[in-house]
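Enquirer: Sending over a structure as structure tokens; questions will come in a sec.
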Amino acid sequence: MNTVEMEHLAVQLKNVEIEINSRCNRRCSYCPVSILPNPDVPKFMSDRILDRIIDELSSIDYVGRVSYHFYNEPLLRKDLELIVARVRTGVPGAHQVLYTNGDYLTDGRYDTLREAGIEFIVITSHDGKPHPEREYQVVQFSNDLELTNRGGAMEHIGSDSDDVNVGRCFAPSEMLIVTVTGDVVLCYEDAFRKHMMGSIATQSLADIWFGEPFATLRSRLAAGDRSVTDICKKCTNVAHTDPGMSAHSEPFWQPFSVAW
1458 MNTVEMEHLA VQLKNVEIEI NSRCNRRCSY CPVSILPNPD VPKFMSDRIL DRIIDELSSI
1518 DYVGRVSYHF YNEPLLRKDL ELIVARVRTG VPGAHQVLYT NGDYLTDGRY DTLREAGIEF
1578 IVITSHDGKP HPEREYQVVQ FSNDLELTNR GGAMEHIGSD SDDVNVGRCF APSEMLIVTV
1638 TGDVVLCYED AFRKHMMGSI ATQSLADIWF GEPFATLRSR LAAGDRSVTD ICKKCTNVAH
1698 TDPGMSAHSE PFWQPFSVAW
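The following block contains the structure:
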């Protein structure tokens, strides 16, 4: 990676979502987990893949958000604190935020996760269950969610606008979604893992980000061309229609809405 590429990537990349495990303990009606079988991938990300991600982010002095979800529950990993500590050591400028359904979040784990390096925790209480108030935590409920159809996967979730599928999208211009196997998918809406942009297991972050097809798809989506993939044609997500919307503004613990 040359200096110019490193600087561009460091500026462009706002969010990195890492699928450290590939399972969830819930099957919410508005989530693809409720209609899909368990993905044919390992349950847990290997140390080798995690180390590759850390090394690549370290190489650009990454200072954006790191979180540990795709369509999974991160707290199913009992060693999550060790992962968080490794990221804090390897990518000290990153802001680590945990998104969880809260089912396994005890006071003890809250404390150990904070000590390991989690700056803030976002709990989505899918069944309306209350959670203890904690300083670096926000709780949202199903009614707080801005539901999307997950790239057409959730056909029963519609949109209030007929124009929703023709707008610009900057999600792939600012976000990196890394699956449990190290594959980079175009967008977090790709529950079927169909649109692979490359693999951290075998490629550098720069080769993936600036290479084909990622660069071309990003450019077309930023121009409002939703014909690039089948999921983009059907997607009802309007959370990334302008640059900068993919990054939660600091401080991270201010309440915000989350597109689902």
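Numbering of the sequence shown is given in the numbering used here, commencing with residue 1458 and proceeding in unit increments.
Here a beta-carbon is modelled for each residue, glycine too, at the ideal position from N, C-alpha and C.
Predicted, not measured: the structure shown is a model, and the values here were computed from it.
At which residue ranges does the segment 1586-1615 contain complete beta strand (DSSP E) runs of 3 or more residues, listed in the order of the chain?
Expert: 1594-1598
Enquirer: Given this structure, state the Cα-to-Cα distance separating Val-1637 from Val-1623, to the nearest angstrom.
Expert: 31 Å
Enquirer: In the structure shown, what three-state DSSP assignment does His-1697 receive?
Expert: coil
Enquirer: Identify every residue that forms a DSSP beta bridge with Glu-1646.
Expert: Answer is none; Glu-1646 lacks a bridge partner.
Enquirer: Check Phe-1671 in the structure and name its three-state DSSP category.
Expert: helix
Enquirer: Round the Cβ separation of Asn-1558 and Asn-1478 to the nearest angstrom and send it over; I've been treating them as touching at under 8 Å.
Expert: 13 Å between Cβ atoms; not a contact.
Enquirer: In angstroms with no decimal places, state the Cα-to-Cα distance between Ala-1680 and Leu-1674.
Expert: 10 Å
Enquirer: Starting from Thr-1581 and walking both ways along the beta strand (DSSP E), at which residues does that stretch end?
Expert: 1575-1582
Enquirer: By how many angstroms is the C-alpha of Phe-1598 removed from the C-alpha of Arg-1543?
Expert: 31 Å
Enquirer: Is it true that the CB of Ile-1634 sits closer than 8 Å to the CB of Cys-1626?
Expert: no
Enquirer: Would DSSP call Glu-1707 helix, strand or coil?
Expert: Model confidence at Glu-1707 stands at a pLDDT of 46, short of 50, so the residue's coordinates are unreliable; what they give is reported in the following sentence. DSSP places Glu-1707 in coil when its eight states are reduced to three.
Enquirer: Which residue marks the beginning of the beta strand (DSSP E) containing Thr-1563, and which one marks its end?
Expert: First-last for Thr-1563: undefined, no H or E at that position.
Enquirer: What is the residue span of the alpha helix (DSSP H) that Leu-1514 lies within?
Expert: 1504-1516
Enquirer: For Asn-1482, which residues from the same chain have a beta carbon less than 7 Å from its beta carbon, with the 5 sequence-adjacent residues on both sides left out?
Expert: Glu-1530, Leu-1533 and Asp-1560
Enquirer: Taking the alpha-carbon positions, what's the Trp-1666 to Pro-1589 distance?
Expert: 40 Å
Enquirer: Tell me the residue span of the alpha helix (DSSP H) that contains Met-1463.
Expert: 1460-1469
Enquirer: Please name the residue or residues paired with Asn-1640 in a DSSP beta bridge.
Expert: Inspection of the sequence shows that residue 1640 is occupied by Asp rather than by Asn. The partner list for Asp-1640 (beta bridge, DSSP) reads Ser-1656.
Enquirer: Is Ser-1630 helix, strand or coil when you go by DSSP?
Expert: The answer is helix: DSSP assigns Ser-1630 an H, G or I state.
Enquirer: Report the residue from Lys-1651, Asn-1472, Gly-1615 and Leu-1466 whose alpha carbon sits nearest the alpha carbon of Tyr-1525.
Expert: The option with the nearest alpha carbon to Tyr-1525 is Asn-1472.
Enquirer: The beta strand (DSSP E) with Val-1523 in it runs from where to where?
Expert: First-last of the beta strand (DSSP E) with Val-1523: 1522-1524.
Enquirer: Run the CB neighbour count on Asn-1694, radius 10 Å, all protein chains shown included, and call it buried at 16 or more, exposed below.
Expert: buried
Enquirer: Taking the alpha helix (DSSP H) that Glu-1474 belongs to, which residues open and close that run?
Expert: Where Glu-1474 is concerned, there is no enclosing alpha helix (DSSP H), although the beta strand (DSSP E) it sits in stretches over 1472-1475.
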